[in-house]
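A.B. asks: In our numbering, the protein residues as written are 18 to 200. Sending over a structure as structure tokens; questions will come in a sec.
Take a look at the structure:
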């Protein structure tokens, strides 16, 4: 069994807390699940029935494939990337009085982004907006740190955060922010 090839339409997700919600998400197409027997026994049988390819391997074999490269916990899912809405779609569909949208500038650590996504889901924030140049694409590290929040929080990349903020203001959204330069 060879390590899965990189594919721009698919992402590898590691860890039970990230994979369980991904398996339940009907918007994803799952290509392959690599799993230990112990993890397979802990997953809902109905979720497993939806998968075309399940490769059950001992932990040592999964370690050979993924080793110290990722903290896989004995489970790896190759699944489709989620289609993210555009900024205009967010503006059109958001409830101006109730919607919480978080915008980040220069946050590029995948673990921090995943943790922020978890916080967003806790506070019913549906979208996280970041800059294209200073933020990573969705990675296995983000998915694992998000622990399922990736399935419910949009991750939108914009070219210019200032223009995005102005667009929200023009559409009568309240914009509250912190400016670290003004103390």
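Glycine included, every Cβ here is placed at the ideal spot set by N, Cα and C.
Below 7 angstroms between beta carbons: does that hold for residue 104 and residue 192?
C.D. replies: Not a contact, by the Cβ cut-off of 7 angstroms.
A.B. asks: Between 36, 81, 80 and 155, which lies nearest to residue 68 when the distance is taken from Cα to Cα?
C.D. replies: 36
A.B. asks: Which of helix, strand or coil does DSSP assign to residue 146?
C.D. replies: Looking at residue 146 - three-state DSSP - the assignment turns out to be strand.
A.B. asks: Name the residue from 136, 150 and 156 whose alpha carbon lies nearest to the alpha carbon of residue 123.
C.D. replies: 150
A.B. asks: Kindly indicate which three-state DSSP category residue 121 falls into: helix, strand or coil?
C.D. replies: strand
A.B. asks: If you reduce the DSSP assignment to three classes, tell me which class residue 174 lands in.
C.D. replies: strand
A.B. asks: With DSSP run on the structure shown, which of helix, strand or coil describes residue 27?
C.D. replies: strand
A.B. asks: Is the beta carbon of residue 92 less than 7 angstroms from the beta carbon of residue 56?
C.D. replies: yes
A.B. asks: Please state if the CB of residue 42 and the CB of residue 164 are separated by a distance shorter than 7 angstroms.
C.D. replies: Contact check for residue 164 against residue 42 fails: the beta carbons are separated by 7 angstroms or more.
A.B. asks: Could you say which of 88, 83, 180 and 97 lies nearest to residue 49 if we only look at CA atoms?
C.D. replies: Among 88, 83, 180 and 97, the Cα nearest to that of residue 49 is on 97.
A.B. asks: Pick out the complete beta strand (DSSP E) segments inside the stretch 26–100, 3 residues or longer, and give them in chain order.
C.D. replies: 27–31, 47–52, 71–73 and 92–97
A.B. asks: Return the CA-CA distance between residue 102 and residue 108, expressed in angstroms with no decimal places.
C.D. replies: 10 angstroms
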